[in-house]
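*Asks:* The listed protein sequences derive, respectively, from chains A and B. 145 is the number that our numbering gives to position 145 of the first sequence; each next residue is one higher, with no gaps. 101 is the number that our numbering gives to position 101 of the second sequence; each next residue is one higher, with no gaps. For glycine and all other residues, C-beta sits at the position ideal for the given N, C-alpha and C. Keep in mind the model is a prediction, meaning the values are calculated, not measured. Right, I'll just put the structure down here and ask away after.
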Amino acid sequence: MTAAVTDTAGKPGSKGFSIRAIMREAGIGLALIGLIIVFSLASEHFLTANNITNILTQITINLILAVGMTFVILIGGIDLSVGSVLALAAVVAGKAISMPGLGPAEAIALAVLAAMVAGTLCGILNGVVSAWWGLPSFIITLGMLNIARGAALQISDARTIYSFPVEFNNFGSLTVWGLPVVFLVALGLALVAWLVLSRTVFGRLIYGLGNSEEAVRLAGHSVFWLKVAAFTICGFTAGIAAIIYMARLNIASPIAGSGFELNAIAAVIIGGTSLSGGRGSVLGTLLGAFIIGVLANGLILLGLSDFMRQMITGVVIIVAVILDHYRAKLTKG
Amino acid sequence: MDSSAVKIAPQSPVENASSQVSSLLVVKDIRKSFGGVKALRGVTFDLRPGEVHALVGENGAGKSTLIKILSGSFPADSGEIRLENAAYAPAGPRDAKAKGLQVVHQEFNLLPHLSVAENISFEALPRNRFGFLDKTRMNARARQALDAIGLSDVDVKSPVKDLGIAHRQLVEIARALQSESRILILDEPTATLTDRETERLFDIVRSIQAKGVAVVFVSHHLNEVFEICDRVTVLRSGETIITEDIADTSPDRVVAHMVGRRLAAEMAQKVDHDHIGDSALRLDCLQVPQSPHSDGVSFDLHYGEILGIAGLVGAGRTEILRTIFGLQKPVSGQMLREGAVTEITGPDKAISAGIGFVTEDRKDEGLILDMSIAANSSLAALDQVSSNGFLLGGRERNLAEELGAGLNLKCGTVKDAASSLSGGNQQKVVLAKWLARQPKVLLLDEPTRGVDVGAKAEIYAILREQAAKGVALLVVSSELPELITLCDRILVLADHKIQGELHHTEFSEEKILRLAYRREEEGTEE
């Protein structure tokens, strides 16, 4: 398990600036391994099959949101709305899945589609509004945070929707060789995102946009559509996260996902992606999500309160950014 | 300690200097390394009160490092600096200022949203007896500082962002001069100035020189060095090559010291003007949005031709290029590409019409500095190095290496970040980005700004080669010698109007300037 982590960390996440990228991710990987070692020594329950399954399940939703968030942060933006969009997508999907007269398969398919469409639409709206008028995405997505939350409450009448088909509920706790299927979905998404960012023209332009919008525009590329695409991807992942959320908890609550956006941002930042855009990778985000998840799980195993956990996570975020500051200095020519 | 054993004295330049005037500042054999890179390998020079001392050298010769050491940004590794016979080792920029050394940097350090007065007083904002900001005193102080350098036309209350780039530079100088200083370092002060503004700056320099202030003048423009300076120190690869009295040397000699080889012939190499073909681009009364009148601009650009646009800052040169490239919409008039009316609504349309644009601002617009040379080279030609949207790393590297070889690009590997290159090589990467598309029309805005002499000659050769291949080149430049060396034809612009057209047989700086100033003279005569 630990070996696998170092292995992937050694591979260049983004070919363009490989050495720096490797330095970046290797450092985060080492921090994660350090955490794992400390917790394994401190608690015999930590490195058990059961607990590992637990951790993987717990980080799934944050990982999915953080993967989408990586695109937005890479272009120098931020999406504060993903938690609320998750709730809206969940409520819309909840309405769809409990429509009368549908068989379980149809209901599930409709729900998945509805969540993805709802999330994607919110993302498009975020992107179009902020890119068209050139407004800071911080403000626009803060607006969307309220709009989506309000819409979720309105549509659901502020009531939690439940009683989904059994097949759907089972999916949330399904495992393959001890690995939760929902986590595999998240990992698959991360893999696709990594490929897109490191191997495609689109990914190259996302990095370019975060570094110099003018240079990308002058090279003939549409800055507008690139921005819209990044936010759309982020909204789409919020839709996927909504489905996972429903399958895991077997409810669709209009107050779901509150504060999730901050955890997702934290994972991206701990993963070494620069808040000003242009630098970072999905691999880093994956490691960042792991660090948050392992920390939460380990600290609780050590008997610390949830409040202590929150404080320590906060410290880790700040330390990660400070370390990144020095790493950037070290690796600069 | 033991480093003294291996010191190699650079051709003892100081001892050679003629007179015995006591020095204000003596720099002796200072060295500085960053990691493994030796930025300074023994720099020696001295500064006398009341002299203007030029510091010249190609990019990477160590001028910036030297200035940063003098201004307290970081200490030297070894060597000695004495200010008025006392050891000088500033603890930081503040300390350096307190000791009377002021630097006007190449990059602006002004706060754009604050007023001119606030900027000028920013280091020590005056307070009244209640501890509040004393605006009256602040504005008066700023007025005095501006008047002292003849900037009486600038309102101290206007925000800096409303000033032109040239005025910002002068405000920066006013700020540096308001406190008592003994040494003023001007780092590339004329890079953004037009000739007239440069003259104004020189007047200012002469007046402070008369007060006994020593001025260090860092510049790529040797004609300016020879106009204003008393002595010149040449740096090459982190070493002092020589210090000479201006009266005893010549620009050719200085260039030879700078590059270690004679380039004059290469620079002056004349183009043959016989390869000019059909019209590639025609502007027909094109009025840019910034133009105050509706006359518009009309001209023809031919294949194989290098057409220059001269003019003062604000004459509308860059605006024409930006309009052609679709970055802004013309108010009226039209554009014809190979005789057919073409509407270019954005850079993508311009590029598919075969047009490339090397912008003035290399660091923000031309390059993505953190990305590799290869990624920068392919930025406008990603379709050539990808298949179905996936990048082909090998093909991208090949493209960059091929282009780099053609442009004599000096770099480690094409995977290195563009930021690791010198100014001249960065500019070659910008050229590579456009040449990758094999453009038919290439627009260039200040193609050699911040580029050293050696690389300048190489860039001229590249541009001539493109013209010889039949590419149509449109060059905007503030450096008249550059336009005169490079172009087949020069249009002179003033107030968004073409004041005249000069053929290469009739080029002279005087003629160009006369046309460039014509509008204003008319205006003042009225």
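Distance cutoff 9 Å, beta carbons only. Does L359(A) sit that close to anything in chain B?
*Replies:* Outside the modelled stretch of chain A, which goes from 1 to 333, sits residue 359(A), for which no answer is possible.
*Asks:* Given S156(A), which residues of its chain have a CB within under 6 Å of its CB, disregarding the five upstream and five downstream residues?
*Replies:* Taken in chain order, the residues that qualify are V91 and P254.
*Asks:* Around the C-beta of L515(B), are 16 or more other C-beta atoms found within 10 angstroms, so that it is buried, or is it exposed?
*Replies:* L515(B) should be labelled buried.
*Asks:* Output the distance between the C-alpha atoms of L435(B) and M311(A), rounded to the nearest integer angstrom.
*Replies:* Roughly 54 Å separates the two Cα atoms.
*Asks:* Can you pull the chain B residues whose beta carbon is under 7 Å from the beta carbon of T200(A), in chain order?
*Replies:* Result: G389, F390 and L391.
*Asks:* What do you reckon, are the CB atoms on I28(A) and G284(A) nearer than 9 Å?
*Replies:* Their beta carbons are under 9 Å apart, which means I28(A) touches G284(A) by this criterion.
*Asks:* When you compare the CB of P289(B) with every CB in chain A, is at least one pair closer than 9 Å?
*Replies:* No, no contact with chain A.
*Asks:* Could you check if R199(A) belongs to the surroundings of the ligand MG, using beta carbon to heavy atom distance under 8 Å?
*Replies:* The ligand MG is not among the ligands present in this structure, which contains no ligands whatsoever.
*Asks:* Take A145(B) and list the residues in its own chain whose beta-carbon comes closer than 6 Å to its own, dropping the five residues that flank it on each side.
*Replies:* Correct list, in chain order: I120, A174 and Q178.
*Asks:* Exposed or buried, what is Q154(A) when buried is set at 16 or more other beta-carbons lying within 10 Å of its beta-carbon?
*Replies:* Under this definition Q154(A) is an exposed residue.
*Asks:* For L218(A), would you say it is in contact with chain B, using Cβ-to-Cβ distances shorter than 9 Å as the test?
*Replies:* Output row for L218(A): interface = yes.
*Asks:* With distances taken between CB atoms, is the gap from A186(A) to I269(A) smaller than 9 Å?
*Replies:* Not a contact, by the Cβ cut-off of 9 Å.
*Asks:* Hey, could you find the ends of the beta strand (DSSP E) K32(B) is sitting in?
*Replies:* Per DSSP, K32(B) belongs to the beta strand (DSSP E) from L25 to F34.
*Asks:* Could you name the residues of chain A that D370(B) contacts, counting a contact when the two beta carbons are closer than 8 Å?
*Replies:* In chain order: F17, N211, G278 and R279.
*Asks:* Leaving aside the five residues before and after L301(B) along the sequence, list all residues of the same chain whose C-beta is less than 6 Å from its C-beta, in chain order.
*Replies:* Excluding residues within five positions, the ones whose Cβ falls inside 6 Å are A280, L281, L307, A472 and L474.
*Asks:* Do D452(B) and H220(B) come within 9 Å of each other at the CB atom, strictly closer than that value?
*Replies:* Contact: yes.
*Asks:* Measuring straight from C-alpha to C-alpha, what distance separates L102(A) and A151(A)?
*Replies:* Distance between the alpha carbons of L102(A) and A151(A): 25 Å.
*Asks:* Would you say P347(B) reaches chain A, if we count a Cβ-Cβ gap shorter than 9 Å as a contact?
*Replies:* For P347(B), the answer is yes, since a Cβ of chain A falls inside 9 Å of its Cβ.
*Asks:* Give the interface partners of D364(B) over in chain A, defined as CB-CB distance under 7 Å, in chain order.
*Replies:* Residues of chain A passing the Cβ test: S212 and E214.
*Asks:* Any beta carbon of chain B sitting closer than 9 Å to that of S222(A)?
*Replies:* So, interface residue.
*Asks:* Where T70(A) and A89(A) are concerned, what is the direct C-alpha to C-alpha distance, given to the nearest angstrom?
*Replies:* Their Cα atoms are separated by approximately 20 Å.
*Asks:* In terms of alpha-carbon separation, which member of F224(A), A289(A), A215(A) and A229(A) lies closest to W132(A)?
*Replies:* Minimum Cα distance to W132(A) is reached at F224(A).
*Asks:* Is the distance from the Cβ of K440(B) to the Cβ of N376(B) below 9 Å?
*Replies:* No.
*Asks:* At a CB-CB cut-off below 9 Å, which residues of chain A make contact with I351(B)?
*Replies:* In chain order: A219 and G220.
*Asks:* Determine, for G257(A), whether the minimum Cβ-Cβ distance to residues of chain B falls below 9 Å.
*Replies:* It does not; no Cβ of chain B falls within 9 Å.
*Asks:* Who are the neighbours of L527(B) on chain A, taking C-beta pairs under 9 Å?
*Replies:* Outside the shown range of chain B (1 to 526) lies residue 527(B), about which nothing can therefore be said.
*Asks:* Within the continuous alpha helix (DSSP H) that includes T285(A), where are the two ends?
*Replies:* Taken as a continuous stretch (DSSP letters only), the alpha helix (DSSP H) holding T285(A) covers V282 to L301.
*Asks:* If we cut at 9 Å on Cβ distances, does T65(B) have a partner in chain A?
*Replies:* Not closer than 9 Å to any Cβ of chain A, the Cβ of T65(B) fails to qualify, so no.
*Asks:* Anything in the segment 34-57 of chain B with a Cβ closer than 7 Å to a Cβ of chain A? List those residues in chain order, please.
*Replies:* Listed by position, the residues of the segment 34-57 of chain B near chain A (Cβ gap below 7 Å) amount to none.
*Asks:* Please confirm if the segment 231-238 of chain B is in contact with the segment 46-61 of chain B, defined as three or more CB-CB distances below 8 Å between the two stretches.
*Replies:* The answer is yes - the segment 46-61 of chain B touches the segment 231-238 of chain B, with three or more Cβ pairs under 8 Å.
*Asks:* Which partner residues of A340(B) appear in the DSSP bridge assignment?
*Replies:* The partner list for A340(B) (beta bridge, DSSP) reads R337(B).
*Asks:* Name the two residues that bound the continuous alpha helix (DSSP H) containing I73(A).
*Replies:* Note, I73(A): alpha helix (DSSP H), A49 to L74.
*Asks:* Contact defined as beta carbons within less than 8 Å: I believe I67(B) pairs with V218(B). What is the distance between those atoms, to the nearest angstrom?
*Replies:* With 8 Å as the limit, I67(B) and V218(B) qualify as a contact, their Cβ atoms being about 7 Å apart.
*Asks:* Quick one: Cα of H167(B) to Cα of A117(B), how far?
*Replies:* One C-alpha to the other measures close to 13 Å.
*Asks:* I want to see whether chain A comes within less than 9 Å of S477(B), judged by CB atoms only; does it?
*Replies:* Judged by the 9 Å Cβ criterion, S477(B) is not in contact with chain A.
*Asks:* F357(B) touches chain A at which residues, Cβ-Cβ below 7 Å?
*Replies:* Going along chain A in sequence order, the residues near F357(B) (Cβ under 7 Å) are L218.
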